[in-house]
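Residue numbers (the working numbering), protein chains in the order written: chain A, 1 to 298; chain B, 1 to 210.
Virtual Cβ for every residue (Gly too), placed ideally from N, Cα, C.
On a predicted model such as this, the values are computed, not experimentally measured, just so you know.
What follows is a short report on a single structure.
Okay, structure coming up:
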């Protein structure tokens, strides 16, 4: 095979947009006739052209619903002593110095210190729920971070990020984490591959908030985790069946049915698996898993 | 909100067109989402869903068991990154870049897990599936290549080949100089060429002269 190391990417771009004239088309054809990589690129762009499938809209709805549940809150810009804050402190100090003559040094010094202390204490920390199941994160970690500046330049600054929430004051009564918080913590553990911890958190969610929507959905997520993450098809099957037993026409029915069939496949329960695939095809004829379902249902 | 987008030059040889001001309909949604509006975030992710799903299917294959996980992880990553969007490319390109990176990572993770599982169970790797169509052979070859390329090259290849981005669009989406993108494309195509040389079935689908 002839080696051609210089690839006419500009011609390839124009070809993709349908903007080649005859001469350019001939040049590109001459090149791709001998350059396997460019011939592959041209062919692959066409090969990947059709990736949309019927039923995508419903699938996207489900994916977005799940993603919104897992999405972190939009990060607020870090609050620190700003120029305006510093200015306020100076203003207080000037006021204090003006007062010095009138009220004496001690009073003025206290006045000057007060706003500075307030500035150090701001902002009041958000109340944080610490989930005892979560592994303790490192206490403090320095990381470099790009902070968007109001003008067009980037300010790269060293910032200490408080990773661990401050411990709750002892006097404050412990709060049971909400279903949303438990689901978020479980999903986080799952994404970080802390599977045993994720399993515990999903189960805790199901026990603590059995009637919540999060608990209902968690049966499918936990099922997939047990199936693919911890290789426990029996446990996975139980979770999928619990989800399906909750009622008809639920949002993750299709996923639960696919999971159930896969769990039965891994358990080697062939006849039940066949029935499960048939059931999937009957309820969801447009399923993305139709090819596999048809093949396994035979 | 207006964004700087590329006006593609009429002359194909000129790939450094000047920027034009156009309105990105998703930029306003992104801005609202970035200020904490969850409804706007949901609408934004729905609007980006088709692109994200396309990237996930392109990188993993439609029947890969983790394709939906990859798409959802991409959406979560996009939601987490909206605060860093600086309007230097379209919102869709920004999202595709995040999805490309995430989906390649999911594919690599799935492969590593599969290999580990096989090692533990002493199961030999499965024989390669019988090729069906030339397009499928080429797609699978590209996906296998993505598992081995350096991250930036893999990301560039996904944007260029799976999503059909021009060099300039890849440069904007990845925030890299165009010559860096050229270099990444060249290196990834070299790897692709080596793979084609090693695989006669793949070479046959391309009808390239020897």
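Nearest CA to the CA of residue 235/A: which residue from 15/A, 264/A, 176/A, 213/A?
-> 264/A
State the Cα-Cα distance for the pair residue 100/B and residue 273/A, rounded to the nearest angstrom.
-> 34 angstroms
Any idea if residue 53/A is buried or exposed, counting beta-carbon neighbours within 10 angstroms, 16 or more meaning buried?
-> So residue 53/A counts as exposed.
Should residue 188/B go down as buried or exposed, given a rule of 16 or more other Cβ atoms within 10 Å for buried?
-> buried
Near-chain A residues of the segment 174-197 of chain B - C-beta to any C-beta below 8 angstroms | So the list reads 182, 185, 186, 189, 190, 192, 193, 196, 197, given in the order they occur along the chain.
What residue does the alpha helix (DSSP H) around residue 180/B start on, and which one ends it?
-> 178-198
Determine the closest residue to residue 302/A out of 260/A, 19/A, 37/A, with distance taken between C-alpha atoms.
-> The structure shown does not extend to residue 302/A, since chain A is modelled only from 1 to 298, so the question has no answer here.
Tell me whether the beta-carbon of residue 193/B lies closer than 8 angstroms to the beta-carbon of residue 36/A.
-> Yes.
Residue 30/A versus chain B: which residues are under 7 angstroms apart at the beta carbon?
-> Under the 7 angstroms cutoff, chain B gives no residues; its nearest Cβ is about 10 angstroms from residue 30/A.
C-beta atoms of residue 191/B and residue 178/B nearer than 8 angstroms = no
Between which two residues does the alpha helix (DSSP H) carrying residue 242/A extend?
-> 233-245
Apart from the five residues just before and just after residue 169/A, which ones in its own chain have a Cβ nearer than 7 angstroms to its Cβ?
-> For residue 169/A, the predicted model reports a pLDDT of 44, less than 50, meaning its position is unreliable; a value from the coordinates is still stated below. Once the five neighbours on either side are set aside, residue 169/A has no close Cβ partner at all.
Within 8 angstroms (strictly less), CB to CB, does residue 31/B reach chain A?
-> no
Thinking C-beta only, is residue 48/A closer than 8 angstroms to residue 61/B?
-> no
In whole angstroms, what separates the C-alpha of residue 151/B from that of residue 175/B?
-> Taking the straight line joining both Cα atoms gives about 15 angstroms.
Which residues in chain A sit within 9 angstroms of residue 61/B, going by Cβ to Cβ distance?
-> The premise fails here: residue 61/B is roughly 10 angstroms from chain A at the closest Cβ pair, so nothing lies under 9 angstroms.
Is the shortest distance between the beta-carbon of residue 39/A and the beta-carbons of chain B less than 8 angstroms?
-> yes
What are the boundary residues of the alpha helix (DSSP H) that residue 43/B is part of?
-> Residues 38-60.
Is it right to say residue 271/A is buried, meaning 16 or more other beta carbons lie within 10 angstroms of its own, or is it exposed?
-> exposed
Tell me whether residue 153/B sits in a helix, a strand or coil according to DSSP, three-state version.
-> helix
Contact check, residue 103/B vs residue 56/B under 8 angstroms by CB: the rounded distance?
-> 5 angstroms
Between residue 137/B and the ligand FMN, is the CB less than 7 angstroms from at least one heavy atom?
-> Summarising the ligand content, the structure contains no ligands, and the ligand FMN is consequently not present.
Reduced DSSP secondary structure (H/G/I, E/B, other) of residue 75/B = In the structure shown, residue 75/B adopts helical secondary structure according to DSSP, grouped into three states.
First and last residue of the uninterrupted alpha helix (DSSP H) at residue 93/B | Segment 91-120, the alpha helix (DSSP H) holding residue 93/B.
Chain A partners of residue 104/B, CB-CB under 8 angstroms?
-> None at all; the shortest Cβ gap to chain A is about 15 angstroms.
Exposed or buried, what is residue 66/B when buried is set at 16 or more other beta-carbons lying within 10 Å of its beta-carbon?
-> Buried, because 16 or more other Cβ atoms sit within 10 Å of the Cβ of residue 66/B.
The segment 76-84 of chain B / the segment 151-163 of chain B touching (three or more Cβ pairs under 8 angstroms) = When Cβ pairs closer than 8 angstroms are counted between the two stretches, the segment 76-84 of chain B is seen not to touch the segment 151-163 of chain B, the count staying below three.
Would you mind reading off the limits of the alpha helix (DSSP H) that contains residue 265/A?
-> 253-267
Whose C-beta lies closer than 8 angstroms to the C-beta of residue 45/A among residues of the same chain, with five residues either side of it excluded?
-> 16
Per-residue contacts from residue 63/A into chain B (C-beta, under 7 angstroms) = 49, 68, 71, 72, 75, listed in chain order.
Smallest Cα separation from residue 223/A: which of 213/A, 242/A, 207/A, 205/A?
-> For residue 223/A, the closest alpha carbon among the candidates 213/A, 242/A, 207/A, 205/A is that of 242/A.
Would you say residue 66/A faces chain B, with C-beta separation under 8 angstroms as the test?
-> yes
How long is the line joining the alpha carbons of residue 277/A and residue 255/A, rounded to whole angstroms?
-> So the two alpha carbons sit approximately 12 angstroms from each other.
Can you find a C-beta in chain B that's less than 8 angstroms from the C-beta of residue 9/A?
-> yes
Is the beta carbon of residue 221/A sitting closer than 8 angstroms to the one on residue 202/A?
-> yes
When you compare each of 228/A, 245/A, 8/A to residue 27/A by their alpha carbons, which one comes out closest?
-> 8/A
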